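Remarks on the structure that follows.
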Amino acid sequence: MQEPLRSVTQSELRYSPDRDLGKRGVGYWAFYLHRASGLVLSLYLLAHLGFLSALYRGPEAYNAFVAIVSQRGMLFMDVLLAAAAIYHAFNGLRVSAVGFGLGVKRQLLWFWVAFGLGLVALAAFSVRLLGGG
Amino acid sequence: MPRVGVDTDIDVRLIQSTPGRGLVQVVGSSHLESIIVMGAGSTGAAIAHDLALRGYLVTLVERGEIASGTTGRNHALLHSGGRYAVKDPEAAQECMRENQILRRICPGVIEQVGGLFVAIDEEDEAYLATFLVGCAESGIPTEVIGREEALRLEPELNPAVRLAVKVPDGVFDPFRLVASFVATAQANGVRVLPFCRVVGFIQDGRGVSGVRVVSDIRGSAMELKADLVINATGPWGGKVAEMAGARVPVMPSAGVMVALDRRLSRRVVNRLRKPGDGDIIVPQRATSLIGTTSWTVDELEPVPVPRDHIVRMVEEGARLIPAARHTPIKASFSSARPLISGNLESDGREVSRGFQTFDHGARDGIPGLVSVSGGKTTTSRAMAEHVGNLIGRLTGRDIPCRTAEVPLAPYYQYRLLGGLPEARREAVAP
Amino acid sequence: MTKQAWKPGAPALETLSFTVRLRRGGPWRPLRHRWQNFAVTVPADYTVVELLESIKGHQDPSLAFRHSCHHGSCGTCAMKVNGLERLTCVTTVADVVKEGGHLEVEPLGHLPWVSDLVADAAPLFDNLEALGPGHVRMNGIFAGCIECGACISACPIGGPRSGYVGPAPLAAARDALVTGQAPGLGWGLLLERVDGNHGVWQCHTAFECSRACPADVDPAGAIIQLRQLLASGQAKSLAGLAMSRGPAVTGAPAAGPAPAGGAPHDHRPRREGGEGW
Amino acid sequence: MRNKLWITQAVSGIILLVLLGLHLFANHTEGGLLDYAGVLRRLKDPATFALETAFLVFVTYHALVGLRAILLDYFQGERAGRYVTGLTSVVGVVAVVYGVWLSVSLYLR
Chain A
197 MQEPLRSVTQ SELRYSPDRD LGKRGVGYWA FYLHRASGLV LSLYLLAHLG FLSALYRGPE
257 AYNAFVAIVS QRGMLFMDVL LAAAAIYHAF NGLRVSAVGF GLGVKRQLLW FWVAFGLGLV
317 ALAAFSVRLL GGG
Chain B
-10 MPRVGVDTDI DVRLIQSTPG RGLVQVVGSS HLESIIVMGA GSTGAAIAHD LALRGYLVTL
50 VERGEIASGT TGRNHALLHS GGRYAVKDPE AAQECMRENQ ILRRICPGVI EQVGGLFVAI
110 DEEDEAYLAT FLVGCAESGI PTEVIGREEA LRLEPELNPA VRLAVKVPDG VFDPFRLVAS
170 FVATAQANGV RVLPFCRVVG FIQDGRGVSG VRVVSDIRGS AMELKADLVI NATGPWGGKV
230 AEMAGARVPV MPSAGVMVAL DRRLSRRVVN RLRKPGDGDI IVPQRATSLI GTTSWTVDEL
290 EPVPVPRDHI VRMVEEGARL IPAARHTPIK ASFSSARPLI SGNLESDGRE VSRGFQTFDH
350 GARDGIPGLV SVSGGKTTTS RAMAEHVGNL IGRLTGRDIP CRTAEVPLAP YYQYRLLGGL
410 PEARREAVAP
Chain C
522 MTKQAWKPGA PALETLSFTV RLRRGGPWRP LRHRWQNFAV TVPADYTVVE LLESIKGHQD
582 PSLAFRHSCH HGSCGTCAMK VNGLERLTCV TTVADVVKEG GHLEVEPLGH LPWVSDLVAD
642 AAPLFDNLEA LGPGHVRMNG IFAGCIECGA CISACPIGGP RSGYVGPAPL AAARDALVTG
702 QAPGLGWGLL LERVDGNHGV WQCHTAFECS RACPADVDPA GAIIQLRQLL ASGQAKSLAG
762 LAMSRGPAVT GAPAAGPAPA GGAPHDHRPR REGGEGW
Chain D
349 MRNKLWITQA VSGIILLVLL GLHLFANHTE GGLLDYAGVL RRLKDPATFA LETAFLVFVT
409 YHALVGLRAI LLDYFQGERA GRYVTGLTSV VGVVAVVYGV WLSVSLYLR
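Protein chains in written order, with our numbering: chain A, 197 to 329; chain B, -10 to 419; chain C, 522 to 798; chain D, 349 to 457.
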């Protein structure tokens, strides 16, 4: 007896392992990364504003603060911060565009383009910061 | 560990208020006998609805989700009666009647697509006269159309088609039809307990005065007391009745159906001949259902799906609509019809499609238990009417059946947790 | 394995042995939550729901899961299989597990958990009822959606439990707007819900709903279209147009013109009102 | 309502992209961070002062609208919505007032 294949429609169509990161899609992780980077940047903003109060306290306080954050270890933190900002910026552009219907069909491509541009920008920034410092 | 205890709120009628929905269609406020209906397939759900309209205090228990047994997996064909017109005019008449009633009381779950009986070869053509006479006697409106017209209506039909007969077949959504019955019952105060397995009966001597259940939502055992217990568990009916020492001669008869991944036709397409295997294609939702076969089974979980049956279904279906052979199979599945083996014959198809009620008080000396088995989803309302009348006789009341007039609530008002008063929407799976 | 038409000569029946890991327990159960493992050997073409049936029938009758039609049209059997939403009746075990592997089944996320593998779809039904009433969903413009809840479970925003109206109801709202068929709440409230705090603007275009949808509804595309309609003011005029046509008769077949370009499911047969049957 | 916020969020994001570039360029391209005197010198320039103030306003707005969106995913209902909006607005106003006050007091030194 020849046996038919009880084929399944959903699985292969929508979840292609080679295109997707793990189980969830790229957009899923992009969303969480966007949210996390946004939160990090917000916290940084508040901290930044707080630390700048050293300016009010006068030159000694502020210059001491600058000396601390200019250490090499701190500069690495700056690179991480730049990474968050650059990712948030490029993915934000993608989300805005796609959210208004621009490039919906290519939205995955846009993600990787944004991601690639972001990496280039980050590399440039890192070289500038660490090389110059 | 399961706790055992008498469930106290069984005697409290829960009239659920559904503000703004305007579907509470109750019923006198008098508390009549309390009745437990086991099984929420189309039969049990329709019975619960019927009894609630008559004013009884009804509890509907179901071991899984509603319509998760035979009903859910049925053919989705709202019979015009055409398939029974020649062999069983009585069944055909009933189908036609119920077809019209269901269209009236729950249009939201029915697609009024119409149906065709198509003649592919000479033998089919010769059957036409017999078929038309049967339909006329059963009150089924027909219209014979020629080859061109048939192909115009259904372009993918086998080009060898000779003629076709239009009949008022329809398509329903089995799950949603049952959900409509249950939603209406809930609105009328029926307590619905899904995921609640019957594990035994409460018996005083031989008589049944309630059921022992285990709720898989609460994870605990409960005793539900009632004046009458109705066994509407379909192919499980024999095993359930056995727990009370009663006998129901149910013969589970399995049928394989194949769901193709698109609609091959707008209408239901039947072969114009005596009903047989794989002679019907029903367009249901985004699929075409080809069915079905028939053989007796013991195994119900899951009902086996023999591969050669799948092959046969596709081949038979391709005789009606050749594209069936090239369309991806979305799913193939089996369900078990609860046929009554009154006069046991070799093939399940020969056994009556009708239903039977068993008053175990009169038959086996076990008062308080009534079984109902067999039947079709299309005629479930009529079965429920019949059972309701029997309950009326048993309880000494003469309350008219109103299910043919009262419109059903929309399916989406069915609430899984409607029977759990303590249920709050709180927990999401961790 | 690829999606393919049935062909004679497909591979012969094989069996697979693996471990099934099931989420057990529930909010009202004595044991709120645990994982339970079952060692099984089943035919490779068993669907996941058949596998669950056989576990319920032969190993543990207390296992609770929803299923009904077994061919992907009722929408009851959507669960998370190995972390992804799937209609378990059209997913074979061979698709999701290898010999000796693990198969993890959980209830849908973002919906109230009832017991074991059962999640309550009531919030989804409420939102769908508000934005696209049932006759529209079953028989009309929104017939593609089988109301399984996969999109809500997959959405990173979190579905009705976060207040979010949810992907499928928003897609229903889009179809109601584009075709002018009155939603359950009426047009004013539809616009308010869709444009409100928990409407389309809560979506973060992760597209996970469209990936998870087993019925090709593409809710993400619908949400994007809704945004364009709202931002350009067209949504209001569409709703106004529909209202000026007089109160839509709920329950009646779609007698108007064929759905406009936006409705993606117009290939499905409509009720044939004219023919009577 | 959300509608307009979403659009302003996208627009403010794009503006921020420009402002952030200028901000980084102005403050971090002369080899390390500016010292106290350097900061004061730059703030005396009206163009830089305007740039920094605008940056402060936009970045605070963008951050808090984003934060509000996140919070609304976890708190639902009219009341919770009002609280979230109120809280984020207050934080935003305080941050901007504080920032402007700091700049002005430095400008006046």
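Ideal placement from N, C-alpha and C gives every residue a C-beta, glycine not left out. As the structure is a computational prediction, the values presented were derived from the model and not from experiment.
Return yes when the Cβ of residue j is within less than 7 Å of the Cβ of residue i, no when it is not.
i        : j        : result
Leu365/A : Ala279/A : Past the boundaries of the shown model lies residue 365/A; chain A is included only from 197 to 329, so the question cannot be answered.
Glu535/C : Ala565/C : yes
Gly717/C : Ala763/C : no
Ser23/B  : Leu46/B  : yes
Glu625/C : Asn603/C : yes
Ile673/C : Gly680/C : yes
Ile25/B  : Val218/B : yes
Ala215/B : Ala325/B : no
Ala149/B : Ile109/B : yes
Alpha carbon to alpha carbon, what distance is there between residue j and residue i?
i        : j        : result
Ala398/B : Phe120/B : 37 Å
Arg92/B  : Arg302/A : 46 Å
Ala428/D : Cys185/B : 38 Å
Leu298/A : Arg748/C : 12 Å
Val257/B : Met302/B : 16 Å
Leu367/D : Glu729/C : 33 Å
Tyr400/B : Thr173/B : 9 Å
Glu143/B : Gln402/B : 36 Å
Pro628/C : Val639/C : 6 Å
Asp274/A : Leu605/C : 37 Å
Ala263/A : Val618/C : 57 Å
Arg391/B : Leu379/B : 15 Å
Gly799/C : Leu712/C : Residue 799/C falls outside the range modelled here, since chain C spans only 522 to 798, and no answer is possible.
Arg231/A : Ile418/D : 8 Å
Any beta-carbon of chain A closer than 7 Å to the one on residue i?
i        : result
Ile667/C : no
Leu435/D : no
Ile745/C : yes
Tyr455/D : no
Arg545/C : no
Leu420/D : no
Tyr384/D : yes
Leu365/D : yes
At what residues does the alpha helix (DSSP H) containing residue i begin and finish?
i        : result
Gln880/C : In the structure as shown, chain C starts at 522 and stops at 798, and residue 880/C therefore has no counterpart that could be examined.
Phe397/D : 394 to 422
Gly221/A : Careful: Gly221/A lies outside any alpha helix (DSSP H) and carries neither H nor E.
Ser758/C : 755 to 765
Nearest chain C C-beta to residue i closer than 7 Å, yes or no?
i        : result
Val309/A : no
Gln424/D : yes
Gly326/D : This structure cannot speak to residue 326/D, because chain D is shown only from 349 to 457.
Val316/A : no
Lys214/B : no
Tyr224/A : yes
Ser57/B  : yes
From what residue to what residue does the beta strand (DSSP E) around residue i run?
i        : result
Gly159/B : 159 to 161
Ile191/B : 185 to 193
Ile279/B : 276 to 280
Tyr210/B : Checking the sequence, you will find Ala at residue 210/B rather than Tyr. 209 to 214 is the span of the beta strand (DSSP E), which, as asked, contains Ala210/B.
Pro104/B : The sequence given here places Gly at residue 104/B; Pro does not occur at that position. From DSSP, the beta strand (DSSP E) with Gly104/B extends over 104 to 108.
Asp113/B : Counting along the chain, Asp113/B falls outside any beta strand (DSSP E), though it belongs to the alpha helix (DSSP H) covering 111 to 127.
Thr32/B  : That residue, Thr32/B, is in no beta strand (DSSP E); its alpha helix (DSSP H) goes 31 to 43.
Ala235/B : Neither: Ala235/B is in no beta strand (DSSP E) and is coded neither H nor E.
Report yes or no: is there a C-beta of chain D within less than 7 Å of the C-beta of residue i?
i        : result
Ser753/C : no
Ile673/C : no
I want to check one thing, is the minimum distance from the CB of residue i to the heavy atoms of the ligand MN below 6 Å?
i        : result
Gly343/B : Summarising the ligand content, the structure contains no ligands, and the ligand MN is consequently not present.
Looking at the C-beta of residue i, does it have a partner C-beta in chain B at a distance below 7 Å?
i        : result
Glu571/C : yes
Enumerated in chain order, which unbroken segments of the beta strand (DSSP E) with a length of 3 residues or greater are wholly contained in the region 597 to 661 of chain C? 599 to 602, 605 to 608, 623 to 627, 634 to 636
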